[in-house]
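K.L.:
Numbering (this note's numbering), first residue to last: 230 to 441. All residues carry an ideal CB built from backbone N, CA and C; glycine is no exception.
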């Protein structure tokens, strides 16, 4: 993919954060893999202020190889996931309200709905707490994700990954929607959880779901 096209796609997606309710203000960040490393949003720049020159390219050693602005404070998180997951080409990290609320309990989203398995597992796990922008947080997220497509970050937010930016953004939306539904079910007296066999069945179904 042409890097300028990818930069444009990053900016367009970041500008959907506030409109979609997945993040507010300047919180959240996006990256996409390149042959030399990854492109990532800058630190502390409003989404409407970003231009293609605002998007940094970093190599997998953590060196900025293109761009003049300071990269997102969560670049450790993005780099660690790309190093650990060859199947991942894009990452979306947001502080969406319901997912973040659950993350502050330091508990996963359990098997309350079959759509949980869309993200690759029978729960949406919660990574152990670490300060933002640290290598410890990055390692905790990689450990929680395993082969899943999303996880919560304790007392922080959520991270979703995918084969491209559009998929990662869609998964972040799915996590927030499920988190919202889970909160409603708790208010209604608590959900009846699906058993492991049913969740395994749905994981298998989603391997081919939507593929024509």
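Check residue 360 in the structure and name its three-state DSSP category.
P.N.:
Mapped onto the chain shown, residue 360 falls at position 131. Looking at residue 360 - three-state DSSP - the assignment turns out to be coil, as it is neither helix nor strand.
K.L.:
Could you name the residues of the same chain whose beta carbon sits closer than 6 Å to that of residue 305, not counting the 5 residues immediately before and after it, in chain order?
P.N.:
Working through the chain shown from its first residue, we reach residue 305 at position 76. Closer than 6 Å at Cβ, skipping near neighbours: 364 and 367.
K.L.:
Consider the C-beta atom of residue 286 and the heavy atoms of the ligand COA; say whether any pair is separated by less than 8 Å.
P.N.:
The ligand content of the structure shown is nil, which means the ligand COA is not present either.
K.L.:
My parser needs the alpha helix (DSSP H) runs of 4 or more residues fully inside the region 244 to 272; what are they?
P.N.:
245 to 249, all fully within the region 244 to 272.
K.L.:
Under the assumption that residue 284 contacts residue 239 (Cβ atoms under 8 Å), give the Cβ distance between them as a whole number of angstroms.
P.N.:
To locate residue 284, count along the chain shown from 1; it is residue 55. To locate residue 239, count along the chain shown from 1; it is residue 10. So it is a contact: roughly 6 Å between Cβ atoms.
K.L.:
For my contact list, residue 324 and residue 250 are in at a C-beta cut-off of 8 Å; report their separation, rounded to the angstrom.
P.N.:
For the purposes of this step, residue 324 is taken as residue 95 along the chain shown, with counting starting at 1. For the purposes of this step, residue 250 is taken as residue 21 along the chain shown, with counting starting at 1. Going by Cβ atoms, the distance from residue 324 to residue 250 rounds to 11 Å, so no, they are not a contact pair.
K.L.:
Ordered along the chain, which non-local residues of its own chain (more than five positions away) have a Cβ less than 7 Å from that of residue 275?
P.N.:
Position 46 of the chain shown, counting from 1, holds the residue named residue 275. Correct list, in chain order: 255.
K.L.:
Spatial neighbours of residue 360 within its chain, please: CB distance less than 6 Å, with the 5 preceding and 5 following residues excluded, ordered by chain position.
P.N.:
As a working note, residue 360 is residue 131 in the chain shown. None.
K.L.:
Quick one: grab the DSSP three-state call for residue 295.
P.N.:
What you label residue 295 is simply residue 66 of the chain shown in a count that begins at 1. In the structure shown, residue 295 sits in a strand (DSSP, three-state: E or B).
K.L.:
Could you say if the region 395 to 407 and the region 370 to 387 meet the contact criterion of at least three C-beta pairs nearer than 8 Å?
P.N.:
Short answer: they touch.
K.L.:
Kindly list the residues whose CB is nearer than 8 Å to the CB of residue 291, restricted to its own chain and excluding five residues on each side of it in sequence; keep chain order.
P.N.:
For the purposes of this step, residue 291 is taken as the residue at position 62 of the chain shown. Taken in chain order, the residues that qualify are 304, 305 and 308.
K.L.:
Within 8 Å, do at least three Cβ pairs link the region 337 to 353 to the region 262 to 282?
P.N.:
Cβ pair count under 8 Å is below three, so no.
K.L.:
Can you check DSSP and say which residues form a bridge with residue 322?
P.N.:
Taking the chain shown and counting its residues from 1, one reaches residue 322 at position 93. The partner list for residue 322 (beta bridge, DSSP) reads 258 and 388.
K.L.:
Which partner residues does residue 417 have in the DSSP bridge list?
P.N.:
For the purposes of this step, residue 417 is taken as residue 188 along the chain shown, with counting starting at 1. DSSP, once it has assigned bridges, lists no residue as partnering residue 417.
K.L.:
In whole angstroms, give me the CA-to-CA distance for residue 243 and residue 384.
P.N.:
As a position in the chain shown, residue 243 is number 14, starting the count at 1. As a position in the chain shown, residue 384 is number 155, starting the count at 1. If I take the Cα positions, the gap works out to 22 Å.
K.L.:
Taking the beta carbon of residue 262 as the centre, do at least 16 other beta carbons fall within 10 Å, making it buried, or is it exposed?
P.N.:
Locating residue 262 in the chain shown gives position 33, where the first residue counts as 1. It is buried - the Cβ of residue 262 has at least 16 other Cβ atoms within 10 Å.
K.L.:
Taking C-beta to C-beta, are residue 355 and residue 331 nearer than 9 Å?
P.N.:
Position 126 of the chain shown, counted from the start, is the residue given in the question as residue 355. Position 102 of the chain shown, counted from the start, is the residue given in the question as residue 331. The answer is yes: Cβ separation under 9 Å.
K.L.:
Would you kindly report the start and end of the unbroken alpha helix (DSSP H) that includes residue 382?
P.N.:
Numbered from 1 along the chain shown, position 153 holds the residue referred to as residue 382. From DSSP, residue 382 is part of no alpha helix (DSSP H) but of the beta strand (DSSP E) over 379 to 382.
K.L.:
Note the first and the last residue of the continuous alpha helix (DSSP H) segment covering residue 278.
P.N.:
Start at 1 with the first residue of the chain shown, and residue 278 comes out as number 49. Element bounds for residue 278: n/a, residue is neither H nor E.
K.L.:
Check for me: the beta strand (DSSP E) holding residue 344 runs from which residue to which?
P.N.:
Counting from one through the chain shown, the residue named residue 344 turns up at place 115. Where residue 344 is concerned, there is no enclosing beta strand (DSSP E), given that its DSSP letter is neither H nor E.
K.L.:
Could you tell me if residue 350 is buried or exposed, where buried requires 16 or more neighbouring beta carbons within 10 angstroms of its beta carbon?
P.N.:
Here residue 350 refers to the residue found at position 121 when the chain shown is read from its first residue. Its Cβ being crowded by 16 or more others within 10 Å, residue 350 is buried.
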